[in-house]
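Report on one structure; see the data block that follows.
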Amino acid sequence: LPASQPLVSGTPLAEVIHSGKALLITAEQAEAQGQEWVDWLGVPLISQAGVIGAVVMQSYTDVIRYTEEEKGLLQFVSTQVAAAISRKQTETRLQHMARHDPLTELPNRMLFNQHFDMCLKRAHRSRVHLALLYLDLNGFKDINDTLGHEAGDQLLCEVARRLESIVRESDMVGRMGGDEFTVLLTGIAGKPSVAVVADKIRAALAEPFSLGGQRLELDITVSIGTAL
Numbered sequence: 438l439p440a441s442q443p444l445v446s447g448t449p450l451a452e453v454i455h456s457g458k459a460l461l462i463t464a465e466q467a468e469a470q471g472q473e474w475v476d477w478l479g480v481p482l483i484s485q486a487g488v489i490g491a492v493v494m495q496s497y498t499d500v501i502r503y504t505e506e507e508k509g510l511l512q513f514v515s516t517q518v519a520a521a522i523s524r525k526q527t528e529t530r531l532q533h534m535a536r537h538d539p540l541t542e543l544p545n546r547m548l549f550n551q552h553f554d555m556c557l558k559r560a561h562r563s564r565v566h567l568a569l570l571y572l573d574l575n576g577f578k579d580i581n582d583t584l585g586h587e588a589g590d591q592l593l594c595e596v597a598r599r600l601e602s603i604v605r606e607s608d609m610v611g612r613m614g615g616d617e618f619t620v621l622l623t624g625i626a627g628k629p630s631v632a633v634v635a636d637k638i639r640a641a642l643a644e645p646f647s648l649g650g651q652r653l654e655l656d657i658t659v660s661i662g663t664a665l
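Structure representation (structure tokens):
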């Protein structure tokens, strides 16, 4: 596939995307002189969300010329392409919503359990260690009661980000619900390595949190159960 390039203003492609209208430039038109192509035809890809791209055809020989007939045909094709892209994007978004926690964007219980089962089978085959950490925030209800549920949601999101920053890309952090999180460590060396990760988690959650634009010293502790 060709490398992605920035959309340069003043180009025919930029005009098609910004205007949302098809554009046909022939060699007979003054603006086409000096280009390596003979004819240029661009049609926007339009979905309910607006213009999401464009389909472009370029002719490099006088044998193949584009007319209003090709323009109409390409517009018909672009409608089908845009509909297919939108349908795929909707499917992807629905799959993500079904498998991720809507607040923290972490894998939810279903996705985490599926991933855990797969990793557990792989660990058995490869005879390597797998570690599971189950986290429960202490005193979270008091924070909800004193600072409000919005602050509680912000705290959960920040906890999720900190947990993800600690583990490796091969590991997974999930939210089981409420203030309960899980961490799956793959290819772990043994109990000492699990203890190191648990200590890092406690240290990270002991740092001050910024909630509602204020840096607050919250007394956040966490209970961690581990299995190897």
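All residue numbers for the sequence shown refer to our numbering, where the first residue is 438 and numbers rise by one.
Heads up, the beta-carbon is just placed ideally off N, CA and C, and yes, glycines get one too.
First and last residue of the alpha helix (DSSP H) that includes residue i?
i: ALA520; result: 505-536
i: ALA664; result: That residue, ALA664, is in no alpha helix (DSSP H); its beta strand (DSSP E) goes 658-664.
i: GLN551; result: 546-563
i: GLY589; result: 586-603
i: LEU450; result: 449-456
Determine the DSSP secondary structure at residue i, reduced to helix, strand or coil.
i: GLU617; result: strand
i: ARG652; result: strand
i: SER630; result: helix
i: LEU622; result: strand
i: ARG612; result: strand
i: ASP499; result: coil
i: ALA486; result: coil
Assuming contact is defined by CB atoms lying nearer than 8 Å, are residue i and residue j in contact in what I supplied?
i: SER523; j: SER484; result: yes
i: ILE638; j: ILE661; result: yes
i: GLU452; j: LEU461; result: no
i: SER515; j: VAL492; result: yes
i: ARG612; j: ASN545; result: yes
i: LEU621; j: LEU543; result: no
Identify the residues that DSSP records as bridge partners of residue i: which are they?
i: GLY479; result: LEU460 and VAL493
i: PHE646; result: LEU653
i: ASN575; result: THR658
i: LEU567; result: THR623
Review point. Is the stretch 549-556 touching the stretch 646-654, taking contact as three or more C-beta pairs under 8 Å?
Key: No, the stretch 549-556 does not touch the stretch 646-654.
**Study point:** Inter-stretch contact (C-beta, 8 Å, three-pair minimum) for the stretch 527-535 and the stretch 589-602
**Key:** no
Point to revise | Contact between the stretch 601-609 and the stretch 578-587 (3+ Cβ pairs under 8 Å) | key: no
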